[in-house]
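Colleague: Numbering (my numbering), first residue to last: 1355 to 1642.
Beta carbons are placed, not taken as given, at the ideal position from N, Cα and C, and that holds for glycine.
My structure is below; once you've seen it, I'll send some questions.
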């Protein structure tokens, strides 16, 4: 399975769509996180939705989906660039009870916020996704229909192995092409199951659903997990603490350990690192 997002078009109906299937990048994002199955599903569906939204970006930048609330899940964050490089994290308030599942149980009153950043103009656009529905797909179906002003239908699926999505949108001239076209395509799409979404490639899935329709499938865009280490940034943070405080932590703990929660890795600094950081010489270098 390749990690891909693809646009498609019902050329005789003027109905557009997107298909998404991601395995390797998703598994890299949740590696060693120990999320419960319910949390994996929720984060996975939000990640799939973020990729579908980012696929439509018209400028360099990044799209962030974030949820904060007072439920068992305190934070969900997914960030996807215009190049479909993704990263994300979920934070909880302790262990999640096994019987808790679904968007309402896990998020409580948490609001879903979309932030769209244009890295050329350095401008941000933010909007909230109303929690109208019992699933991520239902909430974003309503959001897309309102924000794009195009009737939309959305299906999402996620497990520990992969995430997937299918989106169709009715264009302004669809009814002129075929008065029954939108209802027919929506009904056919509604027969898709989670297992099909997660396992079948785009060509196979679209043929199975719409074998009597004319579907144009465009070239895929690759999705990748991208969360690089930035030790220099951590050094700057330690410098901001000051040498005295850094040495105090070393004395008490034996080393300074900084955990990057989003990327889930640790940067470690011992006494020799602190010496080199605050008293650099031509010979002294920090360990990497």
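Apart from the five residues on each side of it in sequence, which residues of its chain come closer than 6 Å, Cβ to Cβ, to residue 1514?
Modeller: Against the chain shown, residue 1514 aligns to sequence position 160. Cβ neighbours of residue 1514 beyond the five flanking positions: 1394.
Colleague: Ordered along the chain, which non-local residues of its own chain (more than five positions away) have a Cβ less than 6 Å from that of residue 1462?
Modeller: One-based indexing of the chain shown puts residue 1462 at position 108. If we look at residue 1462 and ignore the five residues flanking it on each side, its Cβ neighbours are 1423, 1424 and 1425.
Colleague: Give the straight-line distance between the Cα atoms of residue 1612 and residue 1512, rounded to the nearest whole angstrom.
Modeller: As a position in the chain shown, residue 1612 is number 258, starting the count at 1. As a position in the chain shown, residue 1512 is number 158, starting the count at 1. Answer to the nearest angstrom: the Cα atoms are 31 Å apart.
Colleague: Checking the sheet assignment: what are the DSSP bridge partners for residue 1462?
Modeller: One-based indexing of the chain shown puts residue 1462 at position 108. Per DSSP, none; premise fails for residue 1462.
Colleague: Cβ-heavy atom distance between residue 1376 and the ligand MG below 7 Å?
Modeller: For the ligand MG, the structure offers nothing, since it holds no ligand at all.
Colleague: If you measure between the beta carbons of residue 1563 and residue 1542, is that distance less than 8 Å?
Modeller: Position 209 of the chain shown, counted from the start, is the residue given in the question as residue 1563. Position 188 of the chain shown, counted from the start, is the residue given in the question as residue 1542. Cβ distance < 8 Å, so residue 1563 and residue 1542 count as in contact.
Colleague: Among residues of its own chain, excluding the 5 on either side of residue 1524, which ones have a beta-carbon nearer than 8 Å to its beta-carbon?
Modeller: Sequence index remark: in the chain shown, residue 1524 carries index 170 (1-based). Hits under 8 Å: 1369, 1504, 1505, 1506 and 1536.
Colleague: Taking its Cβ as the centre, do 16 or more other Cβ atoms sit within 10 Å of residue 1497, making it buried, or is it exposed?
Modeller: Along the chain shown, one-based indexing puts residue 1497 at 143. With 16 or more Cβ atoms within 10 Å of its Cβ, residue 1497 is classed as buried.
Colleague: Roughly how many angstroms lie between the CA atoms of residue 1441 and residue 1402, to the nearest whole one?
Modeller: The sequence position of residue 1441 within the chain shown is 87, counting from 1. The sequence position of residue 1402 within the chain shown is 48, counting from 1. Taking the straight line joining both Cα atoms gives about 12 Å.
Colleague: Closest by CA to residue 1539, which one among 1554, 1568 and 1555?
Modeller: Working through the chain shown from its first residue, we reach residue 1539 at position 185. Measuring from the Cα of residue 1539, the nearest candidate turns out to be 1568.
Colleague: One question on the structure: do residue 1371 and residue 1521 come within less than 8 Å of each other, judged by their Cβ atoms?
Modeller: Position 17 of the chain shown holds residue 1371. Position 167 of the chain shown holds residue 1521. Yes.
Colleague: Below 8 Å CB to CB, which residues in the same chain sit around residue 1574 once its five sequence neighbours on both sides are set aside?
Modeller: Position 220 of the chain shown, counted from the first residue, corresponds to residue 1574. 1356, 1358, 1359, 1360 and 1556, listed in sequence order.
Colleague: What's the C-alpha gap between residue 1599 and residue 1593?
Modeller: The count along the chain shown starts at 1 and reaches residue 1599 at position 245. The count along the chain shown starts at 1 and reaches residue 1593 at position 239. About 10 Å.
Colleague: If I follow the unbroken beta strand (DSSP E) through residue 1481, where does it start and stop?
Modeller: As a first step, residue 1481 is located in the chain shown; it is residue number 127 there, counting from the start. Start and end: 1477-1483.
Colleague: Which same chain residues, not among the five before or five after residue 1637, have their C-beta less than 6 Å away from its C-beta?
Modeller: The count along the chain shown starts at 1 and reaches residue 1637 at position 283. Low confidence applies to residue 1637: its pLDDT is 48, below 50, so where it sits in the model is not reliable enough to give any reading.
Colleague: Consult DSSP for residue 1583 and reduce its assignment to one of helix, strand or coil.
Modeller: Position 229 of the chain shown, counted from the start, is the residue given in the question as residue 1583. In the structure shown, residue 1583 sits in coil (DSSP, three-state: anything other than H, G, I, E or B).
Colleague: Near residue 1376, what residues of its chain come up, given a Cβ to Cβ distance below 6 Å and the 5 sequence neighbours on each side ignored?
Modeller: Position 22 of the chain shown holds residue 1376. Closer than 6 Å at Cβ, skipping near neighbours: 1357, 1517 and 1577.
Colleague: Can you name the start and end residues of the alpha helix (DSSP H) that residue 1552 belongs to?
Modeller: Position 198 of the chain shown, counted from the first residue, corresponds to residue 1552. Start and end: 1548-1553.
Colleague: Please look up how many angstroms separate the CB atoms of residue 1632 and residue 1597, rounded, as I've assumed it's under 8 Å.
Modeller: Start at 1 with the first residue of the chain shown, and residue 1632 comes out as number 278. Start at 1 with the first residue of the chain shown, and residue 1597 comes out as number 243. Sure, about 4 Å apart at Cβ, within 8 Å.
Colleague: Leaving out the 5 sequence neighbours to the left and right, which residues in its chain are closer than 6 Å to residue 1548 when beta-carbon positions are compared?
Modeller: Here residue 1548 refers to the residue found at position 194 of the chain shown. Closer than 6 Å at the Cβ level, and outside the excluded window around residue 1548, lie 1511.
Colleague: Say whether the stretch 1430-1441 touches the stretch 1482-1494, bearing in mind that this needs 3 or more beta-carbon pairs closer than 8 Å, one atom from each stretch.
Modeller: Taking 8 Å as the limit for Cβ pairs, the verdict is that the stretch 1482-1494 does not touch the stretch 1430-1441.
Colleague: So what does DSSP say about residue 1409, is it helix, strand or coil?
Modeller: For the purposes of this step, residue 1409 is taken as residue 55 along the chain shown, with counting starting at 1. In this structure, residue 1409 counts as coil in the three-state DSSP scheme.
Colleague: Check whether the Cβ atoms of residue 1609 and residue 1588 sit closer than 8 Å, and answer yes or no.
Modeller: Position 255 of the chain shown holds residue 1609. Position 234 of the chain shown holds residue 1588. No, the pair does not count as a contact, with Cβ atoms beyond the cut-off.
Colleague: Whole beta strand (DSSP E) runs in the stretch 1402-1452 with 3 or more residues, listed along the chain?
Modeller: Counting whole runs of 3 or more residues, the stretch 1402-1452 contains the beta strand (DSSP E) stretches 1415-1422, 1427-1435 and 1439-1446.
Colleague: Which complete beta strand (DSSP E) runs does the stretch 1586-1633 hold, if anything under 3 residues is left out?
Modeller: Counting whole runs of 3 or more residues, the stretch 1586-1633 contains the beta strand (DSSP E) stretches 1610-1614 and 1619-1623.
Colleague: Just how far apart, CA to CA, sit residue 1472 and residue 1481?
Modeller: If you number the chain shown from 1, residue 1472 lands on position 118. If you number the chain shown from 1, residue 1481 lands on position 127. The straight-line gap from Cα to Cα measures roughly 15 Å.
Colleague: Going residue by residue through the stretch 1480-1523, where are the continuous alpha helix (DSSP H) segments of at least 4 residues, counting only ones entirely within it?
Modeller: Entirely contained in the stretch 1480-1523, the alpha helix (DSSP H) runs reaching 4 residues are, in chain order, 1490-1501.
Colleague: DSSP on residue 1370, reduced to helix/strand/coil?
Modeller: The residue you call residue 1370 lines up with position 16 of the chain shown. Three-state DSSP puts residue 1370 in a strand.
Colleague: With 16 as the cutoff for other CB atoms within 10 Å, does residue 1448 come out buried or exposed?
Modeller: Locating residue 1448 in the chain shown gives position 94, where the first residue counts as 1. Exposed is the call here.
Colleague: By the 10 Å Cβ neighbour count, where 16 or more other Cβ atoms means buried, how is residue 1413 classified, buried or exposed?
Modeller: Position 59 of the chain shown holds residue 1413. So residue 1413 ends up on the exposed side.
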